[in-house]
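Following our numbering, the numbering of the sequence shown begins with 37 at its first residue and continues without gaps. Every residue, glycine too, gets a C-beta built ideally from N, C-alpha and C. Report on one structure; see the data block that follows.
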Amino acid sequence: MPFPTPPIRRAVGALTAATALALGATVLAAPGAYAVDSSGCTKNIKDATYPVVQWDHADMHTGPGYTYKVKKSVFAGNKVRVYCTAYKKGVTWYYGKSGTTKGWMDSYAFF
Numbered sequence: 037m038p039f040p041t042p043p044i045r046r047a048v049g050a051l052t053a054a055t056a057l058a059l060g061a062t063v064l065a066a067p068g069a070y071a072v073d074s075s076g077c078t079k080n081i082k083d084a085t086y087p088v089v090q091w092d093h094a095d096m097h098t099g100p101g102y103t104y105k106v107k108k109s110v111f112a113g114n115k116v117r118v119y120c121t122a123y124k125k126g127v128t129w130y131y132g133k134s135g136t137t138k139g140w141m142d143s144y145a146f147f
């Protein structure tokens, strides 16, 4: 014969389950704090496409800075459609699109 569950244990179990569900939903609904889209731009660029001229390749990042995650490597000769720029820590960053991937590349990739 199973023993009855005390009311306090049921209440704690329900509270734990509700908290886990709420936190899980918050984590799933929250956007990635590390990614910066075009909202990080300070100057728009109209109709510009630049070829990558860096020696082998240039990295496309999730935000305007070297500490952001690398999304893609764009190889020399490939073109990037550029939408806008941002100036961060002495470097001009370009927000653009290579293939279907959008991200940030430093000015050294193009000039």
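For residue i versus residue j, is the C-beta distance shorter than 9 Å?
i	j	result
Tyr131	Cys120	yes
Lys160	Thr85	Here the chain has residues from 37 to 147 only, and residue 160 is not among them.
Ala122	Thr98	no
Phe147	Ala94	no
Lys138	Ser75	no
Pull up the distance between the alpha-carbon of residue i and that of residue j, whole angstroms please.
i	j	result
Lys125	Ser134	24 Å
Gln90	Thr78	24 Å
Asp83	Pro100	20 Å
Ile81	Phe111	22 Å
Ser13	Val88	Because the chain in this structure spans residues 37 to 147, residue 13 falls outside the shown range and cannot be described.
Lys105	Val118	19 Å
Let's see if you can read the secondary structure: which residues bound the beta strand (DSSP E) around residue i?
i	result
Pro100	Per DSSP, Pro100 belongs to no beta strand (DSSP E) and is neither H nor E.
Phe111	106 to 111
Ser134	127 to 134
Tyr119	115 to 124
Next on the checklist: If we require 3 or more residues per run, which beta strand (DSSP E) segments fall completely within the stretch 69 to 94?
Outcome noted: Listed in chain order, the complete beta strand (DSSP E) runs (minimum 3 residues) inside the stretch 69 to 94 are 79 to 87.
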